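Numbering (the numbering used here), first residue to last: 53 to 288.
Idealized CB from N, CA, C, for every residue including glycine.
It should be emphasised that the depicted structure is a prediction, and the values quoted were computed from it without experimental measurement.
Worksheet: one structure, shown below.
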Ligand SMILES: [Zn+2]
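Okay, structure coming up:
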């Protein structure tokens, strides 16, 4: 997505949010979501690509042009999964209208369409975003996670070599980013606490001490909000 396209998507998302939610802080909410998910997509892609090559010695079989295309497809899948999990969590916690506390995708679908229009570039995904999102809808969290791992590995086969804990940490990272965007630091911390159960070594970083990072920021020491290979594989 080009810079001007991204700016236009942000403008549209802000206007839709303020109108639908009858709020005036769409610019801040959309900015935090967009920044956080852009960083998360970059970090996860590094974990499934560069880190795997560096630590396992997998030779990339892509030429530069196909490598660029493979990265775009992987990020298309990541953004579709972000949109799904972000919308479900925002509805579950009633950050947006039409949500409910059942944890099921029984909202009116507005939030999912809104966030997908912001994040997902269908040219990267290679399929309509609505189609991919429909594939996740109505599934349990475990089935969504498994479904995501399959489409990601199809888009980017190197992902099969990445530490499996990635797939357990990622839905929590998406919820954490969503909570921060809607200024619920307490909900964000609760997601971090769940990540700590999966990966206690998160706390070992002396730079951030495992604290929740502000939206769109990354710890130079450990990679928080999506950790470097050495931490992901500690104890596994
Ligand atoms: Zn850190």
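Exercise. Got a sec: does ligand 1 put a non-hydrogen atom nearer than 7 Å to the Cβ of residue 271?
Worked result: yes
Problem set entry | Cα-Cα separation, residue 149 to residue 280 | 36 Å
For this session: Identify, in the order they occur along the chain, each residue of the same chain with its Cβ nearer than 7 Å to the Cβ of residue 239, setting aside the five sequence neighbours on each side.
Result: 145, 231
For this session: Going by CA-CA distance only, name the one from 186, 213, 212, 242 that's closest to residue 226.
Result: 242
For this session: Assuming residue 253 and residue 214 form a contact by the criterion Cβ under 8 Å, report the distance between their Cβ atoms to the nearest whole angstrom.
Result: Actually they are not in contact, since the Cβ atoms of residue 253 and residue 214 sit about 17 Å apart, beyond 8 Å.
Problem set entry | Ranges of the alpha helix (DSSP H) found wholly within the region 65-120, counting only runs of at least 4 | 78-100, 102-108
Problem set entry | Extent of the continuous alpha helix (DSSP H) to which residue 249 belongs | 237-250
For this session: Keeping to the same chain, check which residues put their C-beta closer than 7 Å to that of residue 66; ignore five residues upstream and five downstream.
Result: 78, 79, 82
For this session: Quick one: residues in its chain with C-beta nearer than 6 Å to the C-beta of residue 208, no 5 flanking neighbours on either side, listed in chain order?
Result: 122, 126
For this session: In angstroms with no decimal places, state the Cα-to-Cα distance between residue 199 and residue 188.
Result: 7 Å
Exercise. Which one of 274, 223, 266, 99 has the shortest CA to CA distance from residue 193?
Worked result: 223
For this session: Tell me whether residue 163 counts as near ligand 1, meaning its Cβ is closer than 7 Å to at least one heavy atom of that ligand.
Result: no
For this session: With DSSP as the reference, label residue 157 as helix, strand or coil.
Result: With a pLDDT of only 49 at residue 157, under 50, the local geometry of the prediction cannot be trusted, and the value read off the model is given with reservation. Residue 157 falls in the coil class under three-state DSSP.
Exercise. Which residues in the same chain have their Cβ closer than 6 Å to the Cβ of residue 68, if we skip the five residues on either side of it in sequence?
Worked result: 166
Exercise. Using a threshold of 7 Å, is the CB atom of residue 298 nearer than that to any non-hydrogen atom of ligand 1?
Worked result: One cannot answer for residue 298 here, as it falls past the ends of the chain, which runs 53 to 288.
Exercise. What three-state label does DSSP hand residue 162 in the structure shown?
Worked result: helix
Exercise. Just how far apart, CA to CA, sit residue 296 and residue 92?
Worked result: There is no way to answer for residue 296, as the model of the chain reaches only from 53 to 288.
Exercise. What whole-angstrom Cβ distance do residue 168 and residue 135 have, given they're in contact under 8 Å?
Worked result: 4 Å
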